[in-house]
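Asker: A single structure is presented below for examination.
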């Protein structure tokens, strides 16, 4: 055979063939298979080579760069957006401003996206007084990400010049942020008389009053520390529970009866700060450690928090859900809650508490009267503040900022010029004056008037030309000789009449500006929520409902805490308690929550002072019915006796719980919830176990929707799914399926059989017993019954013999053998007190065992009769079979005969 491969073509009817060295023909498809296998081996070898080369390279992995970020606050925006994370530029701008508000965001974060619109709204409200900025602190290449480590977004920080940074911890909602900025801009309140102190105590939980004299120094000793403390307190107390106030008049300080330079007024007492004000940390710790409040607003952060659990775990709490009016300073319904809470906790009939209560009532009356007047007054001027006013009156929206500057002509003549920068905004609320002024300063710093042309005189410079500085449209100059301004400035002084007219004009202008600000603030407040007022008690009605209420919290073990929640922001908390606040009167509802017993009681009537007082008194005396989150309903159908079911697991509701679960049967109850995935996955296991007990009447399987049905706290569970076993006649000894065991059919069946009553175990055993099992158990039970009878007979003989010894001792002694007579005689007392009693108890026990064995035999015989009846029925059917199957039927009769013999 040749050593080389001779590939020759041989054409025949089957197509092209290829011969190998052995001369055997190969088909074309076989040839491609061979080549394909060689190709895979070559490809695998090449892959190994390149993988080894790549592994030997020591350079870093090459990754694709992230796309650069986009603008988060789109133009035109009043928020300066540092979307590239340029933190140095941001900090340099902040250092030039008095107050700045900065949001650190991530462009992909849902909370940041939601906060963007709210932050923009706050910027429109305070753009003339506060510098607003936002910075992308997620961008990996940005300076902010490299310098700071932000755990969650967004973060809002307020930068106060020379005072540091204050972090905002409240909800990022425009009204809450505006209220926070109000406190930043005015951290300290001046006090002049005691009426103002009562107003502050009615609005806040405590007032920290400091006395400073500003005669000898612009900053008295301790004032800066007090001012700094007022700002720093906002980090942990954005709602201002403690108000910081100062008194600068000595007579006013005596009127407040200040015993020291710093004193805190609480609702029931006053506390003096020990020592001088040396640092803000010590002062704030002292103030908030002694703070006690009768009522308080609660604002959960929206993430996992223990805030509510800490409040509700101490005592039961009355929670008021009502819309919060932060920008209008007072919320009337919370004002009412605080009045009731003060009266409830006024144990010593304090005159200060009574004064605060009267102030709260007076404030509600004044607000209700003035509110409608203010609404009508603002409504008349709505067109002047309409957001579309720029479209109707473009001249009003031509914002111009001006500055006086000195310009030099070529003739070395000095001109005093008034330079103005103009731009048009789309909305009158978007005017941002400080940005215009800063831009104008930068423009004038390098401006040369001679570049615009040749001017001989200063009055020739009356020019206006377009510019391109962001949104600004033109720059104008109006110049005169500096001497002419000097002449004007040396004009004679105004007369007294002219001064009086000027003062009147200034006062009128001031009043108009204040009215505009008030209307502007009211529009923002009402855009968040309407202002609702509770009805006042009818003065002609009896006030007997107030009897025994003052100081009630001090004389009962069921004392209450009083808290309030914004019904607009936290309506979901009310919904979880089964209350739809939007359907209630004035979107306000009151509820008492007992966490320890998992009870809640809802005030069904509209919230008034009389309704709240009676609600609290009924709770104290235990006259309230528990509120159920879901309406009580009884399901149609269910497991009815006599109906043919394969297996039935009954659905339990709040109404049927006691009738089903606490009945005189063993009950296996599964707690589930609609949203619980594992509950659905174990349903077939629960049904399979229930199927084993389907014919047993003394045990019931049921399930309950724990989310939709309210139960007494002792019958609730902490997790879903949970399987509970309630034994018959011992419901208080209910058992929970062990949490460490897997919920499988074997484990659940073992759990039920271990805890159920013996007769249930018997019945289940009988249900599971087949033909062979019945035959075997009949034989064994007969043997056991004979053994028990023998033991019983032996015990009866022992009883008779013992009685004979006790009651006939002489006869028994003469009948005994001589050896026994010489021994120690039996102890008659022992036989009477111990042995005889023991024998009787053993006889009773044997009789019970015999009875149980007989009952077992009866059950087995019934099962045997059922099998025999089935066999007889099948035998009669076999007799009608055709003659061709005669041999088979004989064989079947033979097998049936064997089955009868076994049974």
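Numbering (the UniProt record's numbering), first residue to last: 1 to 903. Ideal Cβ placement from N, Cα and C applies to all residues, glycine included.
For the alpha helix (DSSP H) that residue 610 lies in, which residues bound it at each end?
Answerer: Along the chain shown, one-based indexing puts residue 610 at 610. Segment 609-620, the alpha helix (DSSP H) holding residue 610.
Asker: Are residue 298 and residue 103 touching if we call contact CB-CB under 8 Å?
Answerer: As a first step, residue 298 is located in the chain shown; it is residue number 298 there, counting from the start. As a first step, residue 103 is located in the chain shown; it is residue number 103 there, counting from the start. Not in contact: residue 298 and residue 103 (Cβ atoms no closer than 8 Å).
Asker: Am I right that residue 163 and residue 228 are in contact with their C-beta atoms under 8 Å? What's the rounded C-beta distance?
Answerer: Counting from one through the chain shown, the residue named residue 163 turns up at place 163. Counting from one through the chain shown, the residue named residue 228 turns up at place 228. That pair is a contact at about 6 Å.
Asker: In the DSSP assignment, what residue or residues form a beta bridge with residue 465?
Answerer: For the purposes of this step, residue 465 is taken as the residue at position 465 of the chain shown. Per DSSP, 475.
Asker: Determine which residues share a DSSP beta bridge with residue 134 and list them.
Answerer: Within the chain shown, the letter at position 134 stands for residue 134. Partner(s): 81 and 103.
Asker: Just to confirm the assignment, what range does the beta strand (DSSP E) spanning residue 322 have?
Answerer: Stepping through the chain shown from its first residue, residue 322 is reached at position 322. Per DSSP, residue 322 belongs to the beta strand (DSSP E) from 316-322.
Asker: For residue 806 versus residue 832, is the C-beta distance shorter than 8 Å?
Answerer: For this step, residue 806 is matched to residue 806 along the chain shown. For this step, residue 832 is matched to residue 832 along the chain shown. Yes, the Cβ-Cβ distance between residue 806 and residue 832 is below 8 Å.
Asker: Do you know how far the Cα of residue 856 is from the Cα of residue 780?
Answerer: Residue mapping note: residue 780 aligns to position 780 of the chain shown, counting from 1. Residue mapping note: residue 856 aligns to position 856 of the chain shown, counting from 1. Within the model, the alpha-carbon separation for residue 780 versus residue 856 is close to 11 Å.
Asker: Going by C-alpha distance, which of 418, 231 and 691 is nearest residue 459?
Answerer: In the chain shown, counting from the first residue as 1, residue 459 sits at position 459. The residue with the shortest Cα to Cα distance from residue 459 is 418.
Asker: Below 8 Å on the Cβ atoms is my contact criterion, and I expect residue 703 with residue 652 to pass it. Report the Cβ-Cβ distance as a whole number of Å.
Answerer: On the chain shown, position 703 is the one that residue 703 refers to. On the chain shown, position 652 is the one that residue 652 refers to. Between residue 652 and residue 703 the Cβ distance is about 7 Å, and since that is below 8 Å, they are a contact.
Asker: Under 8 Å, with one C-beta from each stretch per pair, do the stretch 554-561 and the stretch 275-292 reach the 3-pair mark?
Answerer: no
Asker: When the Cα atoms are used, what is the spatial distance from residue 679 to residue 600?
Answerer: The sequence position of residue 679 within the chain shown is 679, counting from 1. The sequence position of residue 600 within the chain shown is 600, counting from 1. The straight-line gap from Cα to Cα measures roughly 27 Å.
Asker: Based on Cα-Cα distance, which residue from 93, 138, 346 and 377 lies nearest to residue 109?
Answerer: Residue 109 sits at position 109 when you count from the first residue of the chain shown. When each option's Cα is compared against that of residue 109, the closest is 138.
Asker: Given this structure, state the Cα-to-Cα distance separating residue 333 from residue 142, to the nearest angstrom.
Answerer: Taking the first residue of the chain shown as position 1, residue 333 is located at position 333. Taking the first residue of the chain shown as position 1, residue 142 is located at position 142. Each residue's alpha carbon lies about 48 Å from the other.
Asker: Which two residues bound the contiguous alpha helix (DSSP H) that contains residue 807?
Answerer: Taking the first residue of the chain shown as position 1, residue 807 is located at position 807. For residue 807, the enclosing alpha helix (DSSP H) begins and ends at 771-807.
Asker: Give the secondary structure of residue 354 by DSSP, where H, G and I count as helix, E and B as strand, and everything else as coil.
Answerer: Locating residue 354 in the chain shown gives position 354, where the first residue counts as 1. Here residue 354 sits in helix by DSSP.
Asker: Check each candidate in 181, 525 and 407 and name the one with the smallest Cα separation from residue 480.
Answerer: The sequence position of residue 480 within the chain shown is 480, counting from 1. It is 407 whose Cα lies nearest to the Cα of residue 480.
Asker: Per the DSSP calculation, residue 672 is bridged to which residue(s)?
Answerer: The count along the chain shown starts at 1 and reaches residue 672 at position 672. For residue 672, the beta-bridge partners assigned by DSSP are 705.
Asker: Roughly how many whole angstroms lie between the Cα atoms of residue 473 and residue 402?
Answerer: Walking along the chain shown from the start, residue 473 turns up at place 473. Walking along the chain shown from the start, residue 402 turns up at place 402. Answer to the nearest angstrom: the Cα atoms are 14 Å apart.
Asker: Grouping DSSP H, G and I as helix and E and B as strand, with all else coil, what is residue 208?
Answerer: Counting from one through the chain shown, the residue named residue 208 turns up at place 208. In the structure shown, residue 208 sits in a strand (DSSP, three-state: E or B).
Asker: Would DSSP call residue 721 helix, strand or coil?
Answerer: Stepping through the chain shown from its first residue, residue 721 is reached at position 721. The answer is coil: DSSP assigns residue 721 none of H, G, I, E or B.
Asker: What first and last residue would you give for the beta strand (DSSP E) that runs through residue 651?
Answerer: For the purposes of this step, residue 651 is identified with residue 651 of the chain shown, where counting begins at 1. Run containing residue 651: 650-652, per the beta strand (DSSP E) assignment.
Asker: Which residues in the same chain as residue 327 place their Cβ atom closer than 7 Å to its Cβ, once the five residues preceding and following it in sequence are excluded?
Answerer: Here the question's residue 327 lines up with position 327 in the chain shown. Once the five neighbours on either side are set aside, the close Cβ partners of residue 327 are 175, 178, 179, 521, 524 and 525.
Asker: Whole angstroms are fine: how far does the CA of residue 597 sit from the CA of residue 772?
Answerer: Taking the first residue of the chain shown as 1, we reach residue 772 at position 772. Taking the first residue of the chain shown as 1, we reach residue 597 at position 597. Roughly 54 Å separates the two Cα atoms.
Asker: Our contact map puts residue 231 next to residue 184 with C-beta atoms below 8 Å; I'd like the distance itself, whole angstroms only.
Answerer: Taking the chain shown and counting its residues from 1, the one referred to as residue 231 is at position 231. Taking the chain shown and counting its residues from 1, the one referred to as residue 184 is at position 184. That pair is a contact at about 7 Å.
Asker: Can you tell me whether residue 76 is buried or exposed? The criterion is at least 16 other CB atoms within 10 Å of its CB, across all chains shown.
Answerer: Taking the chain shown and counting its residues from 1, one reaches residue 76 at position 76. Under this definition residue 76 is an exposed residue.
Asker: Do three or more CB pairs link the stretch 839-848 to the stretch 783-799 at distances below 8 Å?
Answerer: yes
Asker: Please state if the CB of residue 587 and the CB of residue 611 are separated by a distance shorter than 8 Å.
Answerer: Numbered from 1 along the chain shown, position 611 holds the residue referred to as residue 611. Numbered from 1 along the chain shown, position 587 holds the residue referred to as residue 587. No, the pair does not count as a contact, with Cβ atoms beyond the cut-off.
Asker: CA-CA distance, residue 81 and residue 47?
Answerer: Position 81 of the chain shown, counting from 1, holds the residue named residue 81. Position 47 of the chain shown, counting from 1, holds the residue named residue 47. Cα to Cα, residue 81 sits roughly 50 Å from residue 47.
Asker: Between residue 84 and residue 157, what straight-line distance do the alpha-carbon atoms span, to the nearest angstrom?
Answerer: Numbered from 1 along the chain shown, position 84 holds the residue referred to as residue 84. Numbered from 1 along the chain shown, position 157 holds the residue referred to as residue 157. About 19 Å.
Asker: In or out: residue 563 buried (at least 16 other Cβ within 10 Å) or exposed?
Answerer: Taking the first residue of the chain shown as 1, we reach residue 563 at position 563. Label assigned to residue 563: buried.
Asker: On the criterion of 16 or more Cβ atoms from any shown chain inside 10 Å, does residue 414 qualify as buried, or is it exposed?
Answerer: By 1-based counting over the chain shown, the position of residue 414 is 414. It is exposed - the Cβ of residue 414 has fewer than 16 other Cβ atoms within 10 Å.
Asker: Taking all protein chains shown into account, do 16 or more other C-beta atoms lie within 10 angstroms of the C-beta of residue 830, making it buried, or fewer, making it exposed?
Answerer: If you number the chain shown from 1, residue 830 lands on position 830. By the neighbour-count rule (16 or more Cβ atoms within 10 Å), residue 830 is not buried but exposed.
Asker: Which class does residue 260 belong to by DSSP, given the choice of helix, strand or coil?
Answerer: As a working mapping, residue 260 is identified with position 260 in the chain shown. Coil, per DSSP.
Asker: Using 10 angstroms around the beta-carbon of residue 538, count the other beta-carbons present and answer buried if the total reaches 16, otherwise exposed.
Answerer: Position 538 of the chain shown, counting from 1, holds the residue named residue 538. Classification for residue 538: exposed.
Asker: Using the Cβ count rule (16 or more neighbours within 10 Å means buried), how would you classify residue 774?
Answerer: Locating residue 774 in the chain shown gives position 774, counting from the first residue. Looking at its Cβ environment, which holds 16 or more other Cβ atoms inside 10 Å, residue 774 is buried.
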